[in-house]
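Colleague: From first to last, the protein sequence lines are chains A and B. Numbering that gives the first Met the number 0 numbers the first residue of the first sequence as 0 and each following residue consecutively. Numbering that gives the first Met the number 0 numbers the first residue of the second sequence as 0 and each following residue consecutively. Note that CB positions come from ideal geometry on N, CA and C, so glycine has one too. Sharing a structure here in structure tokens format.
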Amino acid sequence: MSYLTIINNQSVSVQDIPELSYSSFAEHNGGLICSNPENHCVNYFGYKVNDRLKLICCIADDILHKIYVSSSLVSLTDNLESLTPRHFSFEKFEREIHENFGVNFEGHPWLKPVRYAFNRADTSKTIANYPFFSIESEELHEVAVGPIHAGIIEPGHFRFICNGEQILHLEIQLGYQHRGIEQLFLKKKGLLQRATLAECITGDTVVGHSVAFAHVWESLSGFRADRETEFARTIALELERIAIHTGDLSALCTDIAYQLGSSVFGRLRTPIINFMQEWGGNRLSKGLIRPEQNQFPFTQQLANRLAEVLDVFEPEFKEMYQHLSHLPSALSRFERTGVVSEADVRAIGTVGIAARMSGVMRDVRASHPYSLYGEIVHKPIVKHHGDVYSRVQIRKEEVLQSIGYLRELLKNVREVNQNAEPLTKQQANMFSISLVEGWRGEICHCAITDESGQLMHYKIKDPSFHNWLALALAVRNNEISDFPICNKSFNLSYAGHDL
Amino acid sequence: MLSLILILIAATFFSGIIIRTKSLASGRKGPGIFQPVSDVIRLFRKGVVYSKTTSFIFRIAPTIYFASIIMAMLTIPFGQNKGIISFDGDFIFFAYVLALGKFFSIIGALDTGSSFEGMGASREALYSMFAEPAFFILMGSLALLSGHTSFYQIFAALHLGSQISYALAILATFVLLMIAMIESSRMPIDDPKTHLELTMIHEVMILDNSGFDLGLILTAGYLKFAIYGALIVNLFIGSIPLQYSVPSFFAIQFLLAVSIGLIESFMARFRMSHNPQFIVALTSVSLLIFFAVLLILEKFI
């Protein structure tokens, strides 16, 4: 076998992952992606093993609910044949491996720096000498935005090449938020420290990333969380989705200067995050999810409170959306703005909303179920136009869908099992992968342990990693004044990308 | 002299009422009506910071812009009372003295060398250019109807002829209100509240201005609104005695401010590429007025 077939949240021994020569590794993974459009690469990374580089590639099959893992051991000085010409979705991963280890990928269009990791191979490459794409012309002008922005958002640099008001090309340069999260995961030994780190990967997906970390950790320890724990996690994930989607709708209304929508959706987000405060003591859900324990059990009392909150929330949300979707001036801003074609979405390998907006059904809740999503039988919401309005509609429908799921879950709140299983030690030489559908899209955490069962490598892939390129493509041929709503309709994370 | 005093008073509360209306419409209490005035007073007490890349143009631009607004303000009459400056053809002077101020604010923005401000300047220039025909066709028609070419005489003579002129005045109100919105960079053309440089028009041009200069530009903006409001009021009060016309001046200014606040609360800004269409459409409304005047004067068929 050229690959090992596993499912989401499964741990396997590193020795069991077939180690191929690089040429057959490339042949095999390129083949897997190109042969079936439902396959996509969820993670592809390298780590050093005795001065050599071990590459691990995980390809997810959304139809068969499987993940195919394969590996290859290469030398750091090798000239490797790039996979990017076969399928563009490998582009970012190869850039990342090149940046971290200096391996050369032949045939890659442009091995630009990704995030300027502190331990990168070539420290002469700095944020100040980033090689921007440029076009020589008297007619065109460049507009540079950031890294410091007018709003209270994270730092990132956007370089537009415009013909008058029209954007011809946008290049997004990130890396300002790099904190070395993956290295910190290895350095900080305490479980609490690591769980807190997972919460800090991106501040708006606290639940998503901490559930992913909890699953990886529990899988490594051979611990199976009981139903009540997974119940609480599922509820937290859906509540986070509702809160952030509603906040995004508010921000989109702000950007088109629709004051009513901006203030009403903004207000509607508050009861949801206030409920998180009632439940776990933090409006941003920090401290709520912990590996191997159910820190804040979801009791019947909380269930009644949540039902009350949702009963008030739902009609008001629907009413406001009704207004928004019938407002000609708003629709004229949303429709046919920032379109990404299905072909582009598949080529880039975007995930989450950025995939479902263009008819690509990519939703981990349905394709690789975790927590209680196996019982829920999730039906992903897919739109086909790929424009801002599709992303708005997906947000609205997912909010209503999540409310439906929560109502269903709340019917059956069980007593919390106080006798949790004793903790087990992490197994040695294991590889574990966890996929979670955060509100933004697919989150992938991978962990590898060494002989003593200590974490040896930790790899995080936030949905923003690929989706940033979708934004750059979306704004092409749009007016530069529509960039803010395109950007907000994706609402990608800088911190999640920069790690 | 009366019009000058009235415009100055109206300018103090006009922006405050817009902001208050928007706050109330979104369920907030909002700042006091005179908050914009206090903001300006605070700015007037501050010093100015100049970027090293700018030249003297950037330093004189705000002052010239402010002066041009004051000059324009002096030409506005009030009913039977002349403006401080009044001569034949003063409405052309009015339009071009405002254009002069705008020209300086545009080259002032270009002087900063910022790509944002360049974009804002080009948008502002384009939109004022489109708005110009609407204003001239409107004023030209009124001049034709009344047989005079100065603001004072046009407005004084407007309602002596027939009742139909009130119908024209209502159309003219619409055109002037829209021109006021375009010139003052309000919705649906521009969003004065946004923080996004890429979508701004007027706000982005004054990003580099600070302290006293910014205070001048803001004051000029408040005055501009009141000036257009005064023009609109003049369309109606021609021969009404002062004890009625002065309260109706404030009532109409107040209504204008509230309606602008409501428009800004309940609709989204236009897509930038739709703005020129919208502005050019104003010219067609002006043309309606023009044809109506030709009909009244029996010069048309």
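(1) Should the region 260–271 of chain B be regarded as contacting the region 188–201 of chain B, the criterion being three or more beta carbon pairs within less than 8 Å?
(2) Pull up the distance between the alpha-carbon of D212(B) and that of F295(A), whole angstroms please.
(3) Curious, which full-length beta strand (DSSP E) runs of at least 3 residues does the region 165–244 of chain A contain?
(4) For the alpha helix (DSSP H) containing D110(B), list its first residue and its last residue.
(5) Which term fits S238(B), buried or exposed, when burial requires 16 or more other beta carbons within 10 angstroms of its beta carbon?
(6) E478(A) versus chain B: which residues are under 8 Å apart at the beta carbon?
(7) To the nearest angstrom, how far is the alpha carbon of L175(B) from that of D481(A)?
(8) Could you tell me which residues DSSP pairs with Y457(A) in its beta bridges?
(9) Contact criterion: CB-CB distance below 8 Å. Does S262(A) meet it with respect to chain B?
(10) Measure the CB-CB distance between V36(B) and T11(B) and report whether it falls below 8 Å.
(11) Taking only the alpha-carbon atoms, compute the straight-line gap between L296(B) and G146(B) and give it to the nearest angstrom.
(12) Can you check DSSP and say which residues form a bridge with T4(A)?
(13) For P290(A), is the classification buried or exposed, using 16 other Cβ atoms within 10 angstroms of its Cβ as the cut-off for buried?
(14) For the region 117–148 of chain A, which residues have a beta carbon sitting closer than 8 Å to at least one beta carbon of chain B?
(15) Just the C-alpha distance for S67(B) and F274(A), rounded to the nearest angstrom, thanks.
(16) In angstroms with no decimal places, state the Cα-to-Cα distance between F230(A) and L409(A).
(17) Go to I69(B), then tell me how far its alpha helix (DSSP H) extends in each direction, as first and last residue.
(18) Should the region 137–145 of chain B be regarded as contacting the region 78–85 of chain B, the criterion being three or more beta carbon pairs within less than 8 Å?
(19) Which chain B residues are close to G164(A), counting only those with a beta carbon under 9 Å from its beta carbon?
(20) For S389(A), does the three-state DSSP call read helix, strand or coil?
(21) Quick test of the definition: if touching needs 3 or more C-beta pairs under 8 Å, does the region 235–255 of chain A touch the region 244–252 of chain B?
(22) Go ahead and label S184(B) buried or exposed: buried means 16 or more other beta carbons lie within 10 angstroms of its beta carbon, across all protein chains shown.
(23) Put M429(A) into one of helix, strand or coil per three-state DSSP.
(24) Give the secondary structure of D212(B) by DSSP, where H, G and I count as helix, E and B as strand, and everything else as coil.
(25) What whole-angstrom Cβ distance do H177(A) and C161(A) have, given they're in contact under 8 Å?
(26) Would you tell me roughly how many angstroms separate the C-alpha atoms of S218(A) and H273(B), rounded to the nearest one?
(27) Would G100(B) pass as a contact of Y64(B) if the rule is Cβ separation under 8 Å?
(28) List in chain order: all unbroken beta strand (DSSP E) runs of 3+ residues lying wholly within the region 210–267 of chain B.
(29) Assign E37(A) to one of three DSSP states: helix, strand, or coil.
(30) What do you get for G220(B), buried or exposed, if any count of 16 or more other CB atoms within 10 angstroms of its CB means buried?
(31) Which of the three DSSP states, helix, strand or coil, is assigned to W55(A)?
(32) From the DSSP secondary-structure annotation, give me the bridge partner or partners of C485(A).
(33) Alpha carbons only, please: which of D77(A), E397(A), Q276(A), G155(A) is nearest the one belonging to D497(A)?
(34) Among the residues of its own chain, which have a CB less than 7 Å from the CB of S2(B), if the five just before and after it don't count?
(35) Strictly under 8 Å for the Cβ-Cβ distance: is L236(A) near chain B by that measure?
(36) Shorter than 8 Å from the beta carbon of S331(A) to some beta carbon of chain B?
Modeller: In short:
(1) At 8 Å Cβ cutoff, the stretches touch.
(2) Their backbone Cα atoms lie some 56 Å apart in a straight line.
(3) Look at the region 165–244 of chain A and you find these whole runs of beta strand (DSSP E), each 3 residues long or longer: 165–172.
(4) D110(B) -> alpha helix (DSSP H) spans 89–110.
(5) The C-beta of S238(B) has fewer than 16 other C-beta atoms within 10 Å across all chains shown, which makes the residue exposed.
(6) From the beta-carbon of E478(A), the residues of chain B found nearer than 8 Å are R270, M271, S272.
(7) When rounded, the distance between both Cα atoms is 28 Å.
(8) Per DSSP, A446(A).
(9) Interface residue, yes.
(10) Yes, the Cβ-Cβ distance between V36(B) and T11(B) is below 8 Å.
(11) Going by the C-alpha atoms only, they are around 11 Å apart.
(12) DSSP, once it has assigned bridges, lists Y67(A) as partnering T4(A).
(13) By the Cβ neighbour-count rule, P290(A) is buried, with 16 or more other Cβ atoms within 10 Å of its own.
(14) Those would be H140, E141, V142, A143, V144, in chain order.
(15) Cα to Cα, S67(B) sits roughly 56 Å from F274(A).
(16) Each residue's alpha carbon lies about 10 Å from the other.
(17) First-last of the alpha helix (DSSP H) with I69(B): 55–73.
(18) At 8 Å Cβ cutoff, the stretches do not touch.
(19) Checking the sequence, you will find Glu at residue 164(A) rather than Gly. Neighbours of E164(A) on chain B, chain order: M118, S121, R122, M271, S272.
(20) DSSP, reduced to helix, strand and coil, places S389(A) within a helical segment of the structure shown.
(21) The region 235–255 of chain A vs the region 244–252 of chain B: no contact.
(22) S184(B) comes out buried.
(23) Looking at M429(A) - three-state DSSP - the assignment turns out to be strand.
(24) Three-state result, D212(B): helix.
(25) Rounded, the Cβ-Cβ distance is 29 Å, inconsistent with contact.
(26) Here the C-alpha atom of S218(A) lies approximately 55 Å from the C-alpha atom of H273(B).
(27) Contact: yes.
(28) If only complete runs of 3 or more residues are kept, the region 210–267 of chain B shows no beta strand (DSSP E) anywhere.
(29) Of the three classes helix, strand and coil, the one that applies to E37(A) here is coil, per DSSP.
(30) Its Cβ being crowded by 16 or more others within 10 Å, G220(B) is buried.
(31) Here residue 55(A) is Ile; the residue named in the question, Trp, does not match the sequence. In this structure, I55(A) counts as strand in the three-state DSSP scheme.
(32) Looking at the DSSP output, C485(A) shares a beta bridge with no other residue.
(33) If we check each option's Cα against that of D497(A), G155(A) comes out closest.
(34) So the qualifying residues of the chain are I75, P76, F77, N80, G82, A229.
(35) The C-beta of L236(A) comes no closer than 8 Å to any C-beta of chain B.
(36) Cβ-Cβ to chain B under 8 Å: yes for S331(A).
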